[in-house]
Amino acid sequence: MCVCGAMPSESLRWETLQALKNSPKGKVTFDPFWLERGEHILAGCKDTLTLSPNTGVVLERLSSVPLQKSSSFLGSRSGDSSPVLSEVSISSTGSIPDIGARPATLSVSSSLKNEREQAVSDEAKDESPEADVSGVSSPSSLPALSLLSPKAMETAGRIIKVQEEHREEAKLALRLRQEMQEKLVAAVASAESEQLKRFEELMELKQRQEYQSMKDMMERETKESMGRQEKLKEEQRHRTKIMNLRLREAEQQRLREAELERQRQAEGRERLRNLNSIQEEILQLNQLLEPSTQTKTDLPPASLISYSTRGNQLCSQVSEVVRKTAEGEFPSVEDMTVAERALHKMRALIRLMQEEVAKAQEKKKKEQEQEEERRKQAELQAKQEGEKKAAQLAKEKAQRKGLQNSAEDSTLKWYKDLQEAAAHCAQSFDQLNSAKDAQTKKLKLELQKAATIPVSQIASNSGSQLREIFDKIDKLLSGRAAVSGGKSVSTSQHPQGLEFVSYKLAEKFVKQGEEEVASHYEAAFPIAVVASGVWELHPQVGDLILAHLHKKCPYAIPHYPPMKDGTPVEEYQRILGYRVDDSGVEGQDSFLKRMSGMIRLYAAILQTKWPYSSKQGPVPHGLNHGWRWLAQMLNMEPLADVTATLLFDFLEVCGNALMMQYRGQFWKLILLLKEEYFPRIEAVTSSGQMGSVIRLRQFLETSLQSRQISPPKGQLSSMFWRS
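The opening residue of the sequence shown carries number 11 in the numbering used here; numbering runs sequentially from there.
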C-alpha cells in the first residue's frame, strides 16, 4: 500500500490533475439531464469547477495503487471508463443517485447485488475501516486504475462512502439486534424467572394452604375430639351425679321409712297408752252412773237407769277396741277416734246428768223460793213499774238527743262479772304462782309450757295436726297426763294446777289473736276452731278468753271506758288497750293492727264449731253475740279511726255468716249503717285517717250492690279435716 516506488511521470500526472482540478475548466460540469430539470445548457460552465469531498475517499484509495497500474489507468481513460467504474462500484453497499452518465449508473446498479452479498460475508470478519480500504486497494480487487471525471470520482466516492455508511448501519443494526436479542433473552429469562418465582410462590402458597388446612382440620378434629371427651366426661359426671342423687334419695327414703316406722311405733305406743287411759277414765266415769251411787239425787229411777245403760254401752265400745289390741297390735287412728268419741260422750253424759241433777235441785230450791218471792213481788211490783217507766222515758229522751257514749247496763254488768271471775281465778292459783321451792317452780313452768306451746303450734297445715293439738289441750284440762317437751305433766299434780292452766291457756289464745292474727288474717280460723272446741268442753276457759279479750280490747264488748277523775293519762291509755312502756305509748298503726287481730279472732270464734263435738247444738258463743255486738256498736257514738277499722274487720270475717242466718234483718242493719251511721263516722274522721273509712265505704257499697258478702279468707272447709 506504499506509493514510494511510483514513477516520476505518475507523480507529474497527479500534479497535472491537481492543476486541472484547480483550473476554471476543471470546475466545469455537464449534466445531460439539464433540459429535463429546466436548467440552462451553460449552467455548468458558469459554475466553479471543484472536486467533491467524496472524491477524497477515492483518491485515498488510489494513493495506495502501484504506479504501473495508475499509468495503465490513465492510458486507457477514454476507452476503459466503464470497467473501472463498475470495478469501483463493486465495493459500494448502497444505491447511488443519478449524478453521472447513464451507462455509469447502469453499471453501478448491476453491481449492487454482488456488493450486498460481499457486505453480508464481511460482517463475520473484523470490520475495521483500515482492513476494508486495504481490501479495495489490493491489486486483485483493482486490476487497473483509471482516472475518471470529477463527477465519476464523486459518484465513486459517494458509493464508497454510502457503502461504509451502510456497513456502519449494518454493524449498528446488528449491534442493536444483538442488544435487542440480549434484551429479549434477558426479558424472556426475567419473565421465565418471574414466572418460575410466581410458580414457586404459588406452590409455596398452595403448600402453606394445604398445611394450614391440614392444621385446621387437625385442630378441628382435636377440638371435636376434646369436645366429645368433655361431653363424655360431662355425661359421666351427670350420670354419676344422678346416681349419687338416687343413692342419696334411696338412703333418705330408707331413713324416712325408718323414721316413719319409728314414729308409727311411737305413735302406736302412745295411742295404746292413751287407750288404756281412756278405758280407765271411762270405767271410773261409768261408776258415777250406777244407780247405787245416785241414791241421794232427786232424779227419777228411769233417768238413772237410762244413764247407766248408755254408760255401759260406751264402756262396751271401748272394751271392743281394747280387745282388738290384746293380740299385740297397736290401736289405729280410727280405733282411737272411736274410743275418744266414747269418752267425750261419756263426759257429756256425766255433765248432762250433773246438769239434770243441778236443775232438779235448782228447781226444788226455786219452788221454795218462789213462795217467798210471790209475797214480795206483789209489794215491789208497783214500785218497780214506776221506776221502769221513769228509766225508759229517760233512756228514750237520751236516744232522741243522740247515740250512747257507753255500753248498756247489762253489757257492763256482763263485762264486770267476767273480769271478777278472771281476777278470782288468778287469785286462786296465787300460791302456785308465787311458789319459792324449785320443784313447784319447775312444775309451774312445765304446766305453762304444756298450756301455751300447743296454742303456738296451731296452723292451717292439716286437720290431723289441729286434732292432735286439741287432744293435748283437752287432756291437760281434763286432769290427765299430757306430754310436753318429752315429759309427762298433769294438772292433778298440784291443787291449783287446773286454774293456772285455764288462765294461761285463755291468755295465750288472746295473745295469738293480738300477734299472729294481726300479722296473718288467715290464721284466725285455725285458732278459733281449737278455742271453740276447748270452750265447748271447758266453759270456764271460754269465760276467761272473753275476760282477757275484753281487758286487752274493750271494743270487743263494745265499751268505750270514760276517763275518771284522778286517773293518770298512761293508765287510761292502758285501759283503752294501748301498750305503754318506758319508751312511751305505741303508735296508732300498731294499736289498730292489734285491735284488728283480736276482733277478727273474736268474729271467727262466733261462727266456728269444733267438728268432733259430741253436742249437736250451736257453738258455745254463737252468732247471736255477734248480732248483739254489731247492734250495740251502731248505738254508740263512733270513734275516729277505731270504729271504721273494727266494723270493717268484723264484717269481713263474720258478715257472710250473719247474712246467712239473719238474711233480711241483716241487710236492714247494713243499710242503716251505710245511710245513717256512716256519715257520723265521716264527721269524726280527719283527713289523715280516711284509709279505714274508704275501705268500709267500698265494702258497704259492694255488699249492698251485689246483695252478697263473700266467705272470709282462711275459713276451714270439710276437705281440710280429711288432711
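Beta carbons are placed, not taken as given, at the ideal position from N, Cα and C, and that holds for glycine.
Whether residue i touches residue j by CB criterion (9 Å)
i           : j           : result
residue 295 : residue 357 : yes
residue 605 : residue 570 : no
residue 463 : residue 476 : no
residue 265 : residue 359 : no
residue 510 : residue 443 : yes
residue 681 : residue 644 : no
residue 417 : residue 287 : no
residue 719 : residue 703 : no
residue 470 : residue 724 : yes
residue 589 : residue 601 : yes
residue 608 : residue 528 : yes
residue 438 : residue 506 : yes
residue 559 : residue 514 : no
residue 473 : residue 713 : no
residue 498 : residue 489 : no
residue 496 : residue 612 : no
residue 648 : residue 595 : no
residue 348 : residue 289 : no
residue 282 : residue 324 : no
residue 345 : residue 334 : yes
residue 662 : residue 722 : yes
residue 272 : residue 340 : no
Integer Cβ distance of residue i from residue j, believed to fall under 8 Å
i           : j           : result
residue 707 : residue 688 : 7 Å
residue 516 : residue 555 : 4 Å
residue 487 : residue 466 : Not a contact, Cβ separation roughly 17 Å.
residue 563 : residue 616 : Incorrect: roughly 14 Å between the Cβ atoms, too far for contact.
residue 549 : residue 642 : Actually they are not in contact, since the Cβ atoms of residue 549 and residue 642 sit about 23 Å apart, beyond 8 Å.
residue 696 : residue 650 : 7 Å
residue 726 : residue 539 : 6 Å
residue 494 : residue 448 : The pair is not a contact, with the Cβ atoms about 19 Å apart (cut-off 8 Å).
residue 658 : residue 705 : 5 Å
residue 429 : residue 561 : 7 Å
Buried versus exposed, by CB contacts within 10 Å (16 or more), residue i
i           : result
residue 485 : buried
residue 427 : exposed
residue 728 : exposed
residue 248 : exposed
residue 574 : exposed
residue 102 : For residue 102, the predicted model reports a pLDDT of 36, less than 50, meaning its position is unreliable; a value from the coordinates is still stated below. Residue 102 should be labelled buried.
residue 530 : exposed
residue 397 : The pLDDT assigned to residue 397 is 48, lower than 50, so where the model puts this residue is not dependable, and the model offers no usable value.
residue 177 : buried
residue 591 : exposed
residue 218 : exposed
residue 572 : exposed
residue 553 : buried
residue 597 : exposed
residue 30  : exposed
residue 48  : exposed
residue 186 : exposed
residue 587 : buried
residue 173 : buried
residue 279 : exposed
Simplified DSSP assignment, three categories, for residue i
i           : result
residue 684 : helix
residue 697 : helix
residue 492 : strand
residue 6   : Coverage of the chain is limited to positions 11 through 733, which leaves residue 6 absent and any answer about it impossible.
residue 646 : strand
residue 369 : helix
residue 623 : coil
residue 102 : Reliability fails at residue 102, whose pLDDT of 36 lies under 50, so the model's placement of it is uncertain and the value that follows must be treated cautiously. Coil at residue 102, not helix or strand.
residue 702 : helix
residue 79  : At residue 79 the pLDDT is 41, less than 50, meaning the model places this residue with poor confidence; the figure from the coordinates comes in the next sentence. Looking at residue 79 - three-state DSSP - the assignment turns out to be helix.
residue 651 : coil
residue 574 : coil
residue 590 : strand
residue 723 : coil
residue 446 : coil
Inter-stretch contact at 8 Å, needing at least 3 Cβ pairs: the region 535–549 / the region 620–630: Touching, yes.
Three or more C-beta pairs below 8 Å linking the region 623–631 and the region 577–588: Counting C-beta pairs with one atom in each stretch, the region 623–631 and the region 577–588 have fewer than three that are closer than 8 Å, which means they do not touch.
Touch test, the region 234–252 against the region 313–324, Cβ-Cβ under 8 Å, three pairs minimum: No, they do not touch.
At least three beta-carbon pairs within less than 8 Å, the region 636–645 to the region 665–672: Yes, the region 636–645 touches the region 665–672.
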